[in-house]
Amino acid sequence: MTFESLDNVLRRFYAEARTKKGEEYSRSTLLGIRNALERHLAANGREVKITKNPLFVKSNKMLECKLKLNRREGKENVKHKPVIQKEDIEKLKSSPFLSFNDPAGLLRRVWFIVTLFWCRRGCESQRQLKTDSFRFLRDAEGHEYAEMVHSVQTKNHQGGISEKNSHESLTRLYSTGEIGDSYWCLLKYVQKLNPLQPAFFQRPSPKAKEADMIWYENSPLGVNTLATMMKEISLGAGLSQTYTNHSVRATAITLWSNANVPSRHIMSISGHANEQSISSYNSRPSVKQLKNCSNILSNALVSNKEESSAAIHVPVTPASSSISYSASSSSALSFPNGFFHGCTIANANVYVLPQSHHNSP
């Protein structure tokens with residue numbers, strides 16, 4: 002195939018390509034296809050750039066028009082994995098659906114813990130975990146913690162010659178010393194596993210009682226069940242929205258980033274190759290930040306009447322040289338509108354000069 006023919010084929014592909022559901026491909030997908038084609042040509046001894054190449058001017062113009070049209074019509078189909086909101090995390094902590102007192106609830110809770118702390122991605126890598134994948138140790142100061150014994154293959158950790166070192170196995174889940182914390186739940190789950198089944202995620206036994214030594218069957222949890230685990234948890238715990246498995250990973254990275262954990266440390270656990278890969282997790286404002294931005298603009302539009310009714314009024318007593326009043330005082334010395342614009346006063350100290358100072362020239 003000549004470059005001219007390939008240009009025409011790509012031009013038509015960009016114009017007509019759709020997903021199985023008939024939806025437009027996202028911007029990243031279309032650009033990824035073009036980059037993949039460049040790599041394929043290079044691997045077969047044809048070093049040619051498609052981007053900004055005069056030989057592919059027709060297809061590149063079509064791709065440019067397609068991306069602009071999708072943006073204009075709201076069909077860009079960019080879907081960011083939602084980060085689990087703080088309020089929903091609180092629901093997860095107290096929801097009976099994740100109770101550590103029954104096999105199914107403990108399984109869901111431990112799945113969430115492992116996915117969050119070890120930043121797990123796909124159901125395939127989770128299916129690779131074994132009953133001996135975790136060990137429980139103490140550090141030099143005597144603090145208990147759990148760690149993963151080995152790293153399993155994931156999308157970002159494929160192994161091979163070009164594989165970068167991963168510190169996933171060095172990730173530690175420390176005990177807080179409280180019953181029911183993440184360490185405690187993981188330890189209890191491991192102790193309740195069926196010794197005849199090597200898979201870490203096992204099917205809960207419907208007949209198991211709390212006093213039983215074994216809570217799980219000699220059967221691994223299926224890949225499809227693992228793939229929809231967070232969806233099931235979202236519905237069962239009554240969360241504000243339906244989250245995906247990737248949302249848990251996105252939540253871990255976002256929490257670390259917001260706590261100013263260095264990017265290189267996050268990357269060593271998550272497996273990202275560069276800082277740009279994790280920038281999307283902390284570049285988007287949180288729901289709390291969006292609400293705060295809205296409140297700032299709303300407060301700026303409050304009428305003067307409402308502002309003046311909330312003004313601080315402080316009485317002046319000439320006989321005193323220094324008087325302190327709290328913001329809740331109901332007495333009154335009013336300040337001109339805008340005098341203290343944009344600030345909040347918790348306490349006001351009024352200093353009154355002696356009478357001799359008032360009479361001095």
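With the first letter of the sequence shown counted as 1, position 215 gets the number 216 in this note's numbering; the numbers rise by one all the way through. Even glycine gets a Cβ: it sits at the ideal position worked out from N, Cα and C.
Annotated three-state conformation of N102 is coil, per DSSP. Contact between the stretch 10-26 and the stretch 61-74 is established, with three or more Cβ pairs separated by less than 8 Å.
Residues of the same chain with a CB within less than 8 Å of the CB of K92, apart from the 5 flanking positions on each side, are A238, G239 and L240 in chain order. Between R35 and T20, the C-beta spacing is not below 8 Å. Bounds of the beta strand (DSSP E) holding Q203 are Q203 to P205. Judged by DSSP secondary structure, A147 falls outside any alpha helix (DSSP H) and instead within the beta strand (DSSP E) spanning E145 to M149. Along the stretch 198-243, the alpha helix (DSSP H) occurs as fully enclosed runs of 4 or more residues at 224-228 and 230-237, listed in sequence order. Here the C-alpha atom of N71 lies approximately 26 Å from the C-alpha atom of Q242. The alpha carbon of G181 has as its nearest neighbour, out of F101, D213, A209 and A141, the alpha carbon of F101.
About 5 Å separates the Cβ atoms of Q127 and L227, confirming a contact at the 8 Å cut-off.
Non-local C-beta neighbours of L56 in its own chain, meaning closer than 8 Å and more than five positions away in sequence, comprise F4, E5, D8 and V49, ordered along the chain. Here the C-alpha atom of M231 lies approximately 31 Å from the C-alpha atom of A37. Secondary structure of L174 (DSSP, three-state): strand. With respect to the 8 Å criterion, Q198 and N219 are classified as neighbours on the basis of their beta carbons. Approximately 5 Å separates the beta-carbon atoms of S248 and K82; this is inside 8 Å, confirming the contact. Taking a 10 Å sphere around the C-beta of T116, we find 16 or more other C-beta atoms and assign the residue as buried. DSSP places K131 within a strand segment (E or B) once states are collapsed to three.
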